[in-house]
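What follows is a single structure, written as structure tokens, with notes after it.
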Amino acid sequence: MNMFEKLVKINCYSKNKILRKAATNLLEKLYCCEINCTEIDKSVLFAHHACGCTIVASKICENVVIFQNVSIGSNMKFNKPSGEWENVGNPIISKNVVIADGAKILGPVLIGENSVVGAGAIITKDVPANNIAYGVNQFKPKDANYDLVYSSNMINSDKIIEANNQLIAKYMKTIYHVNVEEMNFAQLFKEISPEEIPDDVFTLTGKIYPVITAGKGEHYNSMTASGGGMGLLFRKPAIWCVLQSTRYTLELIQKEQSYTLSYFPHEYKKQVHFLGSKSGRDSEKMKEVELTSVQTPSGNISFKEARLIIECKLAQITTPNPDDFCTQEARDYISEVYKDPNEYRKYVFGEITHVWMKNSLLH
Ligand SMILES: Cc1cc2nc3c(=O)[nH]c(=O)nc-3n(C[C@H](O)[C@H](O)[C@H](O)COP(=O)(O)O)c2cc1C
Numbered sequence: 000m001n002m003f004e005k006l007v008k009i010n011c012y013s014k015n016k017i018l019r020k021a022a023t024n025l026l027e028k029l030y031c032c033e034i035n036c037t038e039i040d041k042s043v044l045f046a047h048h049a050c051g052c053t054i055v056a057s058k059i060c061e062n063v064v065i066f067q068n069v070s071i072g073s074n075m076k077f078n079k080p081s082g083e084w085e086n087v088g089n090p091i092i093s094k095n096v097v098i099a100d101g102a103k104i105l106g107p108v109l110i111g112e113n114s115v116v117g118a119g120a121i122i123t124k125d126v127p128a129n130n131i132a133y134g135v136n137q138f139k140p141k142d143a144n145y146d147l148v149y150s151s152n153m154i155n156s157d158k159i160i161e162a163n164n165q166l167i168a169k170y171m172k173t174i175y176h177v178n179v180e181e182m183n184f185a186q187l188f189k190e191i192s193p194e195e196i197p198d199d200v201f202t203l204t205g206k207i208y209p210v211i212t213a214g215k216g217e218h219y220n221s222m223t224a225s226g227g228g229m230g231l232l233f234r235k236p237a238i239w240c241v242l243q244s245t246r247y248t249l250e251l252i253q254k255e256q257s258y259t260l261s262y263f264p265h266e267y268k269k270q271v272h273f274l275g276s277k278s279g280r281d282s283e284k285m286k287e288v289e290l291t292s293v294q295t296p297s298g299n300i301s302f303k304e305a306r307l308i309i310e311c312k313l314a315q316i317t318t319p320n321p322d323d324f325c326t327q328e329a330r331d332y333i334s335e336v337y338k339d340p341n342e343y344r345k346y347v348f349g350e351i352t353h354v355w356m357k358n359s360l361l362h
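Residue 117 in numbering that gives the first Met the number 0 sits at position 118 of the sequence shown, with consecutive numbering throughout.
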């Protein structure tokens with residue numbers, strides 16, 4: 000249970016008045032939200048931490064979902080001749096209702112089961128079950144084949160990012176007359192110095208796994224790597240990684256004496272892991288991978304989807320000797336690895352010759 004859920008629980012159900020008051024204050028301070036219902040079921044779900052919500056209802060039933068900036072409250076009027084308040088009371092929200100962001104439900108009204116109150120709707124009259132309420136007191140039957148706004152089968156975030164990327168590509172095409180797929184290397188990337196690399200070395204080596212690519216023209220291969228580091232080797236900016244001796248990419252690095260390390264935005268995680276899942280020596284992985292290859296000005300290969308490319312000239316390949324290691328842990332690890340000569344790790348040092356960042360317009 001996160002902090003918001005804990006505060007809601009205390010605010011709505013605690014018998015201890017002092018605790019309840021403290022939770023109410025914190026909810027208001029931290030989330031700009033007030034929840035004060037005569038009855039509220041424990042299963043009610045507040046999306047986006049009820050940010051900006053004022054929820055003052057008679058009763059909220061099970062499995063209701065309430066999005067941000069929703070107001071549920073009263074719609075009373077004072078009759079001056081009679082000196083009485085009229086239209087007194089707060090809404091009842093029946094089970095399985097979804098209330099989208101910015102909706103306002105006011106007065107002693109009933110929102111029927113399974114209905115959806117659309118974003119920005121203003122509702123001061125009853126809404127029958129299985130309807131969509133929208134606009135000002137409008138409603139129409141809900142299509143039973145669709146869950147609107149909320150479903151317990153939530154969409155995978157990668158799919159949203161993919162859809163957004165397609166929208167961005169379309170936008171770039173219409174606004175800037177730019178088609179990323181048709182753009183060449185110079186339009187996509189701008190050269191920066193190694194000192195200008197914006198990410199720290201630990202993020203680059205441990206969190207964003209680089210894709211190492213070696214080869215020329217149509218004949219190239221990529222693998223995923225992790226670990227290694229960056230620094231100065233014989234006073235030149237250098238990057239090093241630890242590659243198993245059997246890697247096909249390593250064979251091509253040795254043949255061409257140059258290679259690239261491409262770093263991708265998070266949404267290309269699937270492709271990055273795919274390149275680390277099978278060898279290009281005995282598969283067609285470079286044809287299968289959903290990335291667009293591009294040649295650097297020096298003729299090495301990277302990908303249009305990369306956000307950072309580091310190009311290297313092979314400087315040194317070292318096979319560490321188990322005796323080189325000083326800690327028992329490292330010695331045990333390396334002796335284990337060295338049992339099979341095919342499993343040898345090579346320390347591969349590359350002198351950084353070029354660094355390119357994705358053109359900021361295209362981020
Ligand atoms: C996240 C991740 C990190 C990896 N890190 C390394 C690494 O640092 N060194 C290595 O030799 N293999 C590493 N691999 C495994 C290789 O990428 C994988 O074996 C790849 O299929 C080798 O391809 P190749 O034979 O076509 O060159 C990693 C794989 C993944 C998924």
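Don't be surprised by glycine CBs; every beta carbon is placed ideally from N, CA and C.
{"Asked": "Inter-residue Cα distance where the pair is lysine 169 and glutamate 304", "Found": "16 Å"}
{"Asked": "Cα-Cα separation, tyrosine 267 to isoleucine 110", "Found": "43 Å"}
{"Asked": "Counterpart residues of cysteine 240 in DSSP-defined beta bridges", "Found": "Val347"}
{"Asked": "Selection from Thr37, Val43 and Lys41 that minimises the alpha carbon distance to valine 55", "Found": "Thr37"}
{"Asked": "Identity of the residues DSSP links to valine 116 by a beta bridge", "Found": "Ile98 and Ala132"}
{"Asked": "Proximity to glycine 394 [Cα-Cα], best of Pro209, Asn1, Glu342 and Leu313", "Found": "In the structure as shown, the chain begins at 0 and stops at 362. Residue 394 is therefore absent and cannot be evaluated."}
{"Asked": "Cβ pair glycine 214, isoleucine 333 closer than 8 Å", "Found": "no"}
{"Asked": "Three-state secondary structure assigned by DSSP to alanine 21", "Found": "helix"}
{"Asked": "Phenylalanine 369: first and last residue of the uninterrupted beta strand (DSSP E) it sits in", "Found": "Here the chain has residues from 0 to 362 only, and residue 369 is not among them."}
{"Asked": "Exposure of alanine 329, with buried meaning 16 or more beta-carbon neighbours within 10 Å", "Found": "exposed"}
{"Asked": "Bridge-paired residues (DSSP) for asparagine 220", "Found": "Ala213"}
{"Asked": "Continuous alpha helix (DSSP H) stretch holding leucine 251: start and end", "Found": "247 to 255"}
{"Asked": "Counted within 10 angstroms of its Cβ, other Cβ atoms place glutamate 206 as buried (16 or more) or exposed", "Found": "According to the sequence shown, residue 206 is lysine rather than glutamate. Classification of lysine 206: exposed, given that the 10 Å Cβ count is below 16."}
{"Asked": "Minimum C-alpha distance to isoleucine 98 - residue among Ala132, Gly216 and Pro127", "Found": "Ala132"}
{"Asked": "Outcome for histidine 48 when other beta-carbon atoms lying within 10 angstroms are tallied against a minimum of 16", "Found": "buried"}
{"Asked": "With 16 other Cβ atoms within 10 Å as the buried cut-off, status of tryptophan 239", "Found": "buried"}
{"Asked": "Segment limits, alpha helix (DSSP H) that includes leucine 203", "Found": "That residue, leucine 203, is in no alpha helix (DSSP H); it is neither H nor E in DSSP."}
{"Asked": "Burial state of threonine 259, where buried means 16 or more other Cβ atoms lie within 10 Å", "Found": "buried"}
{"Asked": "Rounded C-alpha distance that separates methionine 229 from tyrosine 262", "Found": "14 Å"}
{"Asked": "Opening and closing residue of the beta strand (DSSP E) in which serine 70 lies", "Found": "70 to 72"}
{"Asked": "Inter-stretch contact (C-beta, 8 Å, three-pair minimum) for the region 314 to 321 and the region 274 to 293", "Found": "no"}
{"Asked": "Cβ pair arginine 344, valine 241 closer than 8 Å", "Found": "yes"}
{"Asked": "At least 3 beta-carbon pairs within less than 8 Å: the region 83 to 91 vs the region 51 to 67", "Found": "yes"}
{"Asked": "CB contact flag (valine 69, aspartate 100, <8 Å)", "Found": "yes"}
{"Asked": "Straight-line gap, valine 64 to alanine 21 (C-alpha atoms, nearest Å)", "Found": "25 Å"}
{"Asked": "Integer Cβ distance of valine 115 from lysine 141, believed to fall under 8 Å", "Found": "6 Å"}
{"Asked": "Which listed residue (Thr352, Leu232, Lys14 and Phe184) has its alpha carbon closest to that of serine 192", "Found": "Thr352"}
{"Asked": "Sheet register partners of lysine 357 (DSSP bridge)", "Found": "Phe188"}
{"Asked": "Lysine 277 CB to nearest heavy atom of ligand 1 below 7 Å", "Found": "yes"}
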